[in-house]
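Some notes on the structure that comes next.
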Amino acid sequence: MIDGAARPDPGQETAIRRWKLGHHVFHLYLLAMNTELPVALRHVLHERWQNLSDVLDRLTILYDASTASMKYAADFDSDQYTSLIRPSMSPPFMSPGFSGELNKDHSTMLALMKELRHTLKVRLRDSRSAGVPDEVATAATALWSAQARNRRHHMLVCERFVPDGGSLLREYFSRVESDGHVVGKE
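In structure tokens, the structure reads:
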């Protein structure tokens, strides 16, 4: 401990630990999903249905695990978020407009999920889908349900911690717009 530095109280320590650890674990799940999603797309392309079903099952587990890691990350008093966590995501600690939406791995995962969902839905609707086993559709539906649960949970966390829906990124762009600056043009 640095001389004179205030030590966080137990509630603050819990909030910091959960927020950081939960997000670090979440990021590991993102990396695993970004490894599995291209594999799933190749299995669709090459009509390796049993392999695809297995990958979809793993992706469902990863999605549910990522939801659990975010539940863990957000399991602390909302006052700690307002007074400690949210300010740590603003200057001088982070760049203005910091947002998890700017996470490249998360953006990659969302793009790959969108591509897989579209590709698989087209394939399942296609007249040639007679050769696609039922367990592929079942596994795909389970994955999409896990994704929906994850989104619902994220919305609940946002409502709990930021009931007015304020986003640091949206606040930043509103300030930039009101100051007359055009983002990307100086």
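Residue numbers in the sequence shown follow my numbering, run continuously in steps of one, and reach 186 at the last position. Virtual Cβ for every residue (Gly too), placed ideally from N, Cα, C.
Query: Evaluate the contact criterion for the region 83 to 101 versus the region 112 to 119: three or more CB pairs, one atom per stretch, below 8 Å.; Result: no
Query: Taking 8 Å as the cut-off, does the region 68 to 88 touch the region 7 to 19 (at least 3 CB pairs, one atom from each stretch)?; Result: yes
Query: Could you round the C-beta distance between ALA146 and THR35 to whole angstroms and report it? I think they count as a contact, below 8 Å.; Result: That pair is no contact at about 17 Å.
Query: Hey, GLY11 and ASP64: beta-carbon distance below 8 Å or not?; Result: no
Query: Let's see if you can read the secondary structure: which residues bound the alpha helix (DSSP H) around GLY11?; Result: 10 to 45
Query: Helix, strand or coil for ALA5 per DSSP?; Result: coil
Query: Please report the distance separating the alpha-carbon of SER66 from that of ASN150.; Result: 8 Å
Query: Considering only the beta carbon of each residue, do HIS27 and ASP105 sit closer than 8 Å?; Result: yes
Query: If you drop the 5 nearest sequence neighbours on each side, which residues of the same chain put their C-beta closer than 7 Å to that of GLN80?; Result: GLY11, GLN12 and ALA15
Query: By the three-class DSSP mapping on this structure, what secondary structure does ASN51 have?; Result: helix
Query: Helix, strand or coil for MET70 per DSSP?; Result: helix
Query: Specify, as a first and last residue, the run of the alpha helix (DSSP H) that THR108 falls within.; Result: 104 to 125
Query: Alpha carbon to alpha carbon, what distance is there between THR108 and TYR72?; Result: 23 Å
Query: Name the two residues that bound the continuous alpha helix (DSSP H) containing MET155.; Result: 134 to 161
Query: So, is GLU70 buried or exposed, given that buried needs 16 or more other C-beta atoms within 10 angstroms?; Result: A small correction: the amino acid at residue 70 is Met; Glu does not occupy that position in the sequence shown. MET70 is buried by the Cβ-count criterion.
Query: Note down the Cα distance separating ALA6 from ALA111, rounded to an integer number of angstroms.; Result: 43 Å
Query: Quick one: residues in its chain with C-beta nearer than 6 Å to the C-beta of PRO92, no 5 flanking neighbours on either side, listed in chain order?; Result: none
Query: Within 10 angstroms of its Cβ, does HIS43 collect 16 or more other Cβ (buried), or is it exposed?; Result: buried
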